[in-house]
Structure formats: structure tokens, C-alpha cells
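This report concerns only the one structure given below.
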Amino acid sequence: MEEIFKTIAPYSQSQIKETLVWLENSEVFIKGVQYFYPNWNKDEVIKKLKACHTCSDFQVTFIEMIIKNSIRNTMDSFEIVGLEGVDTTNSLFISNHRDIFMDSALLQNYLYDTGRPFTEISLGDNLMVNDTMKAVAKLNNMFTVFRGGKRMEQLKNSVNLSKYIRHSIIDKKVSSWIAQGNGRTKDGNDITATGLIKMLLLSGGAEIKNSLAELNIVISTISFEYEPCAFEKAHELSLLDEEGTYHKKEFENISSILKGIHDHKGQVKLVFEKLNVDNIEFTNNRKKDV
512 MEEIFKTIAP YSQSQIKETL VWLENSEVFI KGVQYFYPNW NKDEVIKKLK
562 ACHTCSDFQV TFIEMIIKNS IRNTMDSFEI VGLEGVDTTN SLFISNHRDI
612 FMDSALLQNY LYDTGRPFTE ISLGDNLMVN DTMKAVAKLN NMFTVFRGGK
662 RMEQLKNSVN LSKYIRHSII DKKVSSWIAQ GNGRTKDGND ITATGLIKML
712 LLSGGAEIKN SLAELNIVIS TISFEYEPCA FEKAHELSLL DEEGTYHKKE
762 FENISSILKG IHDHKGQVKL VFEKLNVDNI EFTNNRKKDV
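In terms of the working numbering, the sequence shown opens at residue 512 and continues consecutively.
See the structure below:
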């Protein structure tokens, strides 16, 4: 693996082994697991950790049942449309973003149930609030999106992220999931950020269409009849409108993740469509002209 990818990518095999051992002594992790699986005592959690050897093992052992319980207990119906004829082995899923965890988790659950490999999943570094969260994220096959920093640092991070995503899809033959914008949609308007497309084009050849076509982009759209965090989103937008700023409370993102898992959602639908770049009209088709 290239040196620049090491801080972005999910854990390597050696890191997986080290981290699984480290988690055996993490009270934060063990208590977190017992929150979702109250019948597992500490010895049972450690036993299951010892049985894991890959990111997929970890996902199946600790994450999959959380997703299935959420589908079973909080949804009146759940429908997936459009993946039947899509090759999911090396595609870039670009998704609208309504829920921190469930948006990508529901795709992973479908892939697992249909015998397909999990995708890698993008996650902002702002959500890796401590070592345990980082360990769980990386073991859940997540790659890091570095946010913040000065302008030149942001550009460097964007270039490295673009190269990593292209490397994953073309060289590793592994699919990736990424949100269409920076953070969840708060106002209900699902619009792909121009910055995301520009980031993807920082790697690849000079022709835009060819550069995008190489990524095998699949558009993903999720809709919830009832969004678990709708009130919190509205409150945030209201404060931004009235005061011009909003400061998140400590562990607010964790609370949002838990609400997204546990709260009622009604009917949920996940729709996919393969992007045909030939159907997109570009004013210019070369990067130097954009």
C-alpha cells in the first residue's frame, strides 16, 4: 500500500490483528457491544473478538445483527430497487445522506444477504472521536475523509482521497460508498456537491467522462418515511438561521447514530441506478478547461 494511503484506508491485515487484541482490553468497546447485545458477558465479547480475523468477520459478528434488528423493529417496510443487474464488486456508490450510520449500513446488509462483498465506507475524521471509535470504524471497513485544515492542507487531503478511491476501485477491485456532500442533508434537498465531483477528478486522466467512467459510479438514493433525527436537524437549521452559527454538543453525533438505529422509520426505500456518463452533457470534457 502506498504510504499516502495508510492514514486513509481501512486497517491492513497486521493492523486488524493488533486492533482486535487491543479491543479485548477496551472497556468502552465491551460496554458498547453489551449495549446492543445485553446477553453477551465480557468473556463472550472477547471470545467473539478472538474468532475475528478480517474486517468482514468483524462486520458479520458485531454489526450485521444491529442492522437487521433495526430493519425488523423500526421499519414498516424496507425495499431495495435497482441493484439486480449492477456489478457491485468495484463500483463507487454515491449516495444522498440522511443518516450517519443507516444510509451505508443498509447497503452493506443487502450485499451480505446476497452473498456479495462489503464495500468500503467513507467516514469523516470528525466522527472518530476517540481510539475506540476509530478502531470500530476501521474494522467496519471505513476509510477516512480528513476535513478541516488550511486551504493547502485541504487540497492535499482531497488529492490523496481521490487517488485512494480510484486505487480501491481500479487496482484493488473493491467498491466504495461515499456521501454526495459534506455531512447529512439537513433541509431535505439532496444535491451532489460540486466539490465531490472535483475531488474525484483530481485523479485519473485528462478527459472528464473517461475519468468518471473508470469509477463505475452507481447513484444511491435512500428515503425514510420518518427521519429519526428530523427534529434535531430542524433545530440546527433554526439556530443557524437565527444566530448564524451552531455548535454541536459533546457526543451529539453518537446520539444521532443511536437514534438512527433505534427510532421508528416507517417505510424505507433504497434505490440504485448505474450512472451512464454518456448521458451527461459537459460544457468542456477536459480537466484543464474546467
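For each residue, glycine too, the CB sits at the ideal point set by N, CA and C.
For this session: Starting from the Cα of T530, find the closest Cα among C563, I719, K744 and V544 and give me that residue.
Result: Against the sequence shown, residue 530 aligns to sequence position 19. Comparing Cα positions, the closest option is C563.
For this session: Out of K674, L534, S602 and I578, point me to the one whose CA is closest to A520's CA.
Result: Against the sequence shown, residue 520 aligns to sequence position 9. Ranked by Cα distance from A520, the first of K674, L534, S602 and I578 is K674.
Problem set entry | C-alpha distance - K757 paired with F604, whole-angstrom precision | Taking the sequence shown and counting its residues from 1, the one referred to as residue 757 is at position 246. Taking the sequence shown and counting its residues from 1, the one referred to as residue 604 is at position 93. Sequence check: residue 757 is Tyr here, not Lys. The C-alpha of F604 is placed about 30 Å away from the C-alpha of Y757.
Exercise. Where do the N-terminal and C-terminal ends of the alpha helix (DSSP H) with F540 fall, by residue?
Worked result: Working through the sequence shown from its first residue, we reach residue 540 at position 29. Note, F540: alpha helix (DSSP H), E538 to F547.
Exercise. Alpha helix (DSSP H) containing S749: first to last residue?
Worked result: Counting from one through the sequence shown, the residue named residue 749 turns up at place 238. The continuous alpha helix (DSSP H) containing S749 extends over residues A741 to E754.
Problem set entry | Pairwise C-alpha distance: V539 and K760 | Position 249 of the sequence shown holds residue 760. Position 28 of the sequence shown holds residue 539. Each residue's CA atom was taken as its position, placing K760 and V539 some 20 Å apart.
Problem set entry | DSSP-derived helix/strand/coil call for D568 | For this step, residue 568 is matched to residue 57 along the sequence shown. In the structure shown, D568 sits in a helix (DSSP, three-state: H, G or I).
Exercise. Are the segment 774-789 and the segment 721-736 in contact at 8 Å, needing three or more beta carbon pairs?
Worked result: The segment 774-789 vs the segment 721-736: in contact.
For this session: Starting from V556, follow the beta strand (DSSP E) in both directions and report where the run begins and ends.
Result: Sequence index remark: in the sequence shown, residue 556 carries index 45 (1-based). No beta strand (DSSP E) contains V556, which is instead part of the alpha helix (DSSP H) from K553 to K561.
Exercise. Near N607, which residues of its chain fall below 8 Å by C-beta distance, leaving aside the five closest residues on each side in sequence?
Worked result: Translated into the one-based positions of the sequence shown, residue 607 becomes position 96. The residues D614, A690, Q691, T696, D701, S731, T732 and I733, in chain order, have a CB closer than 8 Å to that of N607 in the same chain once the five nearest residues on each side in sequence are set aside.
For this session: Determine contact between the segment 629-638 and the segment 652-664, defined as no fewer than three beta-carbon pairs at a distance below 8 Å.
Result: The segment 629-638, when compared against the segment 652-664, does touch it at the 8 Å Cβ threshold.
Problem set entry | Cβ-Cβ separation, C740 to G771 (assumed contact under 8 Å), whole Å | By one-based count along the sequence shown, residue 771 stands at place 260. By one-based count along the sequence shown, residue 740 stands at place 229. Their Cβ separation, rounded to whole angstroms, is 6 Å, which keeps G771 and C740 in contact under 8 Å.
Exercise. When you compare only the Cα positions, how much space is there between N671 and F516?
Worked result: The residue you call residue 671 lines up with position 160 of the sequence shown. The residue you call residue 516 lines up with position 5 of the sequence shown. Roughly 7 Å separates the two Cα atoms.
For this session: On a CA-only basis, which of M586, F569 and K528 is nearest D774? Give me that one, please.
Result: Position 263 of the sequence shown, counting from 1, holds the residue named residue 774. Out of M586, F569 and K528, M586 has the C-alpha closest to the C-alpha of D774.
For this session: Reducing DSSP to helix, strand and coil, say where F629 ends up.
Result: Locating residue 629 in the sequence shown gives position 118, where the first residue counts as 1. In the structure shown, the three-state DSSP call for F629 is coil.
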